[in-house]
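K.L.:
My numbering puts the first residue of the sequence shown at 118, with every later residue one more than the last.
In this text, a Cβ means the ideal position worked out from N, Cα and C, and glycines have one as well.
Okay, handing you the structure first.
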Amino acid sequence: MLIGIPALLGPELLAILRAMGHGDEIALVDGNYPAQEQARRLVRADGHALIPVLDAVLTLLPVDDAVPEALFRASVKGDPSLADPVHREMEAICTKRAPGRKVVALAGADFYARVKSAHAIVATSEPRLYANIIIRKGVIYPPETKKP
């Protein structure tokens, strides 16, 4: 246990978050996602739902503000115009932790391709379908530097 670090973030995930560089992406996926097959680096978050993992990750990981889009979610049946309640929950966490950043819905094939190229995948035990999100890492600015 560490002070100020959410307890559900284990040593392996903390190491991956720290090793990621600006522009690297991490995918948090539900229990049905083929994470083992697609991951370059796989972290198991068994027993945890996606929303608490997303909230914990975003307490530590800066979201990229140098690009117009840095948060991406899966779509219901591959249709970006559709959303399930879990997507609204994701958006609420992202609004809280990364204000001003929009969560962009991607079509099925586009989402899968982006996950395959991610720095790492975190496989949760989330039972809801389409509960998948990608976060692009930003930078932590020096104290004397103004954020853009």
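What does a CB cutoff of less than 6 Å around alanine 162 pick up in its chain, not counting 5 residues either side in sequence?
P.N.:
As a working note, residue 162 is residue 45 in the sequence shown. Once the five neighbours on either side are set aside, the close Cβ partners of alanine 162 are Val170, Val239, Thr241.
K.L.:
Going by C-alpha to C-alpha distance, which of Lys233, His204, Leu223 sits closest to glycine 195?
P.N.:
Stepping through the sequence shown from its first residue, residue 195 is reached at position 78. The shortest C-alpha separation from glycine 195 is found at Leu223.
K.L.:
What did DSSP end up calling leucine 237 once you bin it into helix, strand or coil?
P.N.:
For the purposes of this step, residue 237 is taken as the residue at position 120 of the sequence shown. It should be noted that the sequence gives alanine, not leucine, for residue 237. Three-state result, alanine 237: strand.
K.L.:
Counting beta carbon pairs with one atom in the segment 123-134 and one in the segment 242-251, are three or more of them shorter than 8 Å?
P.N.:
no
K.L.:
Between Glu129, Pro197, Ala237, Val221, which lies nearest to glutamate 208 when the distance is taken from Cα to Cα?
P.N.:
By 1-based counting over the sequence shown, the position of residue 208 is 91. Among Glu129, Pro197, Ala237, Val221, the Cα nearest to that of glutamate 208 is on Val221.
K.L.:
I need the straight-line Cα distance from alanine 187 to alanine 215, nearest angstrom please.
P.N.:
Taking the sequence shown and counting its residues from 1, one reaches residue 187 at position 70. Taking the sequence shown and counting its residues from 1, one reaches residue 215 at position 98. When rounded, the distance between both Cα atoms is 10 Å.
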